[in-house]
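Note sheet for the following structure.
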Amino acid sequence: MLAVVALVVLSGLSIGVWDAWKDDQHESMCQPHRTEAFALSDKARAVRIPLVFAGDADISILQLGAKFPDDLGDLDATSTTELDIAMAYAEKRDLAGQAARIVLDHQECFDGDFIAEASRIDQAPTEVSRVEMPSAAHCSDGWPSTSIGRRGACSHHGGVVPAHLWATLFFD
Numbered sequence: 043m044l045a046v047v048a049l050v051v052l053s054g055l056s057i058g059v060w061d062a063w064k065d066d067q068h069e070s071m072c073q074p075h076r077t078e079a080f081a082l083s084d085k086a087r088a089v090r091i092p093l094v095f096a097g098d099a100d101i102s103i104l105q106l107g108a109k110f111p112d113d114l115g116d117l118d119a120t121s122t123t124e125l126d127i128a129m130a131y132a133e134k135r136d137l138a139g140q141a142a143r144i145v146l147d148h149q150e151c152f153d154g155d156f157i158a159e160a161s162r163i164d165q166a167p168t169e170v171s172r173v174e175m176p177s178a179a180h181c182s183d184g185w186p187s188t189s190i191g192r193r194g195a196c197s198h199h200g201g202v203v204p205a206h207l208w209a210t211l212f213f214d
């Protein structure tokens with residue numbers, strides 16, 4: 043009877059050692075993939091897209107992990123062009139896409155939330171087809187009234203078209 047108990051104890055210890063070894067092997071295999079994916083995601087996070095609202099859904103998905111920053115663009119970037127904005131998006135999407143590919147290629151190393159985020163990033167458009175730049179308030183017929191902000195502004199020009207503070211990205 044003592045021999046059976048000893049055998050059961052030794053079997054349990056062996057299984058525990060084996061499981062610990064497997065966990066260590068899995069961790070040593072996954073750690074480089076996690077490190078690379080998070081480094082690329084951090085680089086994507088650092089790319090600022092001028093004149094774009096931080097909460098823009100097309101931009102806010104381009105990151106794995108932590109909360110997205112709320113300072114994506116700069117309203118003072120008056121010399122920014124549509125091309126600058128499109129290129130910044132493409133750079134951010136490229137870096138985020140590389141991180142997503144690592145996650146999707148090594149799903150055994152990441153939890154379900156990261157895999158879901160990587161899938162969304164992987165499906166995001168790779169480039170912007172058109173950028174609508176911010177605009178000042180003006181009359182609906184195009185008249186640049188100096189009375190905007192006061193009662194009756196643009197009353198003979200079809201009303202006021204409100205200012206558009208952020209660039210809008212369009213994708214095909």
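Just so you know, the numbering used here puts the end of the sequence shown at 214, numbered straight through with nothing missing.
We put the CB at the ideal spot given by N, CA and C, even for glycine.
- By the CB criterion at 7 Å, residue 131 and residue 163 fall outside the cutoff.
- Taking every protein chain shown into account, the CB of residue 169 has fewer than 16 other CB atoms within 10 angstroms, so this residue is exposed.
- One thing to note: residue 200 has its Cβ no nearer than 7 Å to the Cβ of residue 177.
- In this structure residue 165 is exposed. Its beta-carbon is surrounded by fewer than 16 other beta-carbon atoms within 10 angstroms.
- Contact between the stretch 143 to 150 and the stretch 85 to 105 is absent: fewer than 3 CB-CB pairs across the two stretches fall below 8 Å.
- By the neighbour-count criterion, in which 16 or more other beta carbons inside 10 Å mark a residue as buried, residue 67 falls on the exposed side.
- Restricting attention to 206, 202, 191, the CA atom closest to the CA of residue 185 is found in 202.
- Looking from the CA of residue 137, the closest CA among 127, 159, 105 belongs to 105.
- If you draw a 10 Å sphere on the C-beta of residue 83, you find 16 or more other C-beta atoms in it, and that means buried.
- Taking the Cβ atoms as the reference, residue 173 lies roughly 6 Å from residue 211, within the contact range of under 8 Å.
- Counting along the chain, residue 137 sits inside the alpha helix (DSSP H) bounded by residues 124 to 147.
- Residue environment for residue 159: buried (at least 16 other C-beta atoms within 10 angstroms of its C-beta).
- Counting the other Cβ atoms within 10 Å of the Cβ of residue 99 gives fewer than 16, which makes it exposed.
- The continuous beta strand (DSSP E) containing residue 174 extends over residues 172 to 174.
- Only residues of its own chain outside the window of five on either side were considered, and among them 160, 163, 164 have a CB closer than 6 Å to the CB of residue 142, listed in chain order.
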